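Once you know that position 389 of the sequence shown is 376 in our numbering, the rest is easy, because the numbers rise by one and skip nothing.
From the three backbone atoms N, C-alpha and C, an ideal C-beta is built for every residue, glycine too.
Note that the structure is a prediction, hence the values are computed from the model and not measured.
As structure tokens, the structure follows; a few thoughts come after it.
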Amino acid sequence: MPDDATARLVSKLVPNTPALVYDESELVDTASRIRRMAADAGCDLAYAMKPCTLAWALETIAPFVTGFAASSPFEAQLGRQILDDRGALHYHSVAVTKSEFEQVAELADFMSLNSITQFHARQPQSNDRVSLGMRVNPGISFVADERYDPCRRHSKLGAPIDALSTFGSRILDGLMFHTNCESDDLRHLLATVSSMERRLTQVISDLDWLNLGGGYMFREGTDTTPLRQSVEILKSRSNTKIFIEPGAAFVRDAGYIVSTVLDIFDSNGVDVAVLDTTINHMPEVFEYQFEPEVLDYQPEGEHRYILAGRSCLAGDIFGDYTFDDPLKIGDRVTFMEMGAYTQPKAHTFNGINLPDVYAYTKEGNLSLLASMKYEHFAARNGAHQHAYS
């Protein structure tokens, strides 16, 4: 779990806001814990890049994993650049064009195509470097919210398991599945593996590898017995290599968004505190309508505020929060557990700049990793193609 004392220190150290700060000690401790859990269960560990593609974070995580999992050609290029020849690159995408396949096949070691159609279309292009498999949808749902559920009805994610059962053995090198989202219950994984083992016995027996996907948080104290049992079931059929690839589990607790109060005013009896950050910087807050955890929030606090972002969007609201002490203009407000799906999803609606990105190092130093300037905004909007006087 993120440390409140560290978050307070970081919020004071940041010279300018908004800022996205990654705590190196938290990131290393988390990666070490997940590596230990995976090793104890007998499976290889990869990091799914999508929650955070920051090069510094990838370099920090790399020593704890056997590779990365990418979902696009850009992620694949970055992953290979960071790994060089020190680890394996896994690749899964909902659809892959001919040119993308040719590009990624030169970078990836394992590729899981999303459908039987895609497999038949791309297999002839395959080379000796990449081991080709397919994503299977086991059709077992554990996620209440359909927006997060990979196994929702009419899912686009993976070949239906019944279709794969008649696909034939010795055609696929491997299988990949991913059936959960931010779960702490690895019994869900065991239930999925048990079902697949019954329904795809011969296919699994002929595989070189099987990727269990991600969607599990591997927090301190998690019972990993079901993971070990899942691996034992699969390896009892053959000498299949087993991978697991968490993403958010590595980075969520390591990230903070530090912001500053720009204005406070009464709005029909409730104080609104406008911050210099915005849901532009934390899009999932708006997409999934949840209230992020805020440092020093007190459920029974005397001072109530609606924390609002600075964009023109009426719904640019983080939520209703109470504190023991009143907020003042210039105070810092720090959002906790912002390490996942913040950096890659942040955008510049209204022309509002992205947060500066920092690493808070194990030595207690703050290191600037990325800072977007007007030139980046102008280039993205094609302004470099025009001359202005």
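Asked, Found
"With distances taken Cα to Cα, identify the nearest neighbour of Lys228 among Ala25, Pro5, Thr17.", "Ala25"
"If you reduce the DSSP assignment to three classes, tell me which class Lys37 lands in.", "coil"
"Could you tell me the distance, in whole angstroms, from the CA atom of His268 to the CA atom of Gly161?", "37 Å"
"Given this structure, state the Cα-to-Cα distance separating Ile304 from Gln276, to the nearest angstrom.", "10 Å"
"Since Met121 sits in a beta bridge, which residues does DSSP pair it with?", "Leu100, Leu162"
"Quick one: what's Thr309 bridged to in DSSP?", "Arg291"
"Classify Val257 as helix, strand or coil using the three-state DSSP reduction.", "strand"
"If you follow the beta strand (DSSP E) that Leu94 is in, where does it begin and where does it stop?", "That residue, Leu94, is in no beta strand (DSSP E); it is neither H nor E in DSSP."
"Give the secondary structure of Arg73 by DSSP, where H, G and I count as helix, E and B as strand, and everything else as coil.", "coil"
"Is it the case that the Cβ atoms of Ile21 and Ala241 are separated by a distance below 8 Å?", "no"
"Whole angstroms is fine: what's the gap from Phe273's alpha carbon to Asp132's?", "15 Å"
"Of the choices Met359, Ile191, Gly326, Glu362, whose alpha-carbon is the least far from that of Ile220?", "Ile191"
"Hey, quick one: how far does the alpha helix (DSSP H) through Phe273 stretch, first residue to last?", "270 to 274"
"Here's a check: name, in chain order, each residue in its chain whose Cβ is nearer than 6 Å to the Cβ of Thr4, leaving out the five neighbours to either side.", "Val245, Ser246, Thr247, Asp263"
"Just the Cα atoms here: how many angstroms apart are Asp10 and Thr17?", "11 Å"
"In angstroms, rounded to a whole number, what distance separates the CA positions of Asp307 and Ser298?", "18 Å"
"Check each candidate in Gln68, Asp115, Ser102 and name the one with the smallest Cα separation from Glu89.", "Asp115"
"Considering Cα atoms alone, identify which of Arg185, Met163, Gly302 is closest to Asp195.", "Met163"
"Could you pull the start and end residues of the beta strand (DSSP E) that Val83 belongs to?", "Val83 -> no beta strand (DSSP E), and no H or E assigned at all."
"What does Arg319 pair with, by DSSP beta-bridge criteria?", "Thr247"
"Measure the alpha-carbon distance for Val8 versus Tyr347 and round it to whole angstroms.", "7 Å"
"With a 10 Å radius around its C-beta and 16 neighbouring C-beta atoms as the bar for buried, classify Ile316 as buried or exposed.", "exposed"
"Quick check on Phe237: does DSSP put it in helix, strand or coil?", "helix"
"Can you give me the C-alpha to C-alpha distance between Ser152 and Val(-3), rounded to a whole angstrom?", "53 Å"
"Please report the distance separating the alpha-carbon of Val81 from that of Asp318.", "44 Å"
"Quick one: using the 10 Å Cβ neighbour count with 16 as the cut-off for buried, is Arg109 buried or exposed?", "buried"
"Given that a residue counts as buried once 16 or more other Cβ atoms are within 10 Å of its Cβ, and exposed if not, what is Leu197?", "buried"
"So, is Thr53 buried or exposed, given that buried needs 16 or more other C-beta atoms within 10 angstroms?", "buried"
"Under a Cβ-count criterion, where at least 16 other Cβ atoms within 10 Å of its own Cβ denotes burial, should Thr321 be classed as buried or exposed?", "buried"
"Measuring straight from C-alpha to C-alpha, what distance separates Pro50 and Thr40?", "16 Å"
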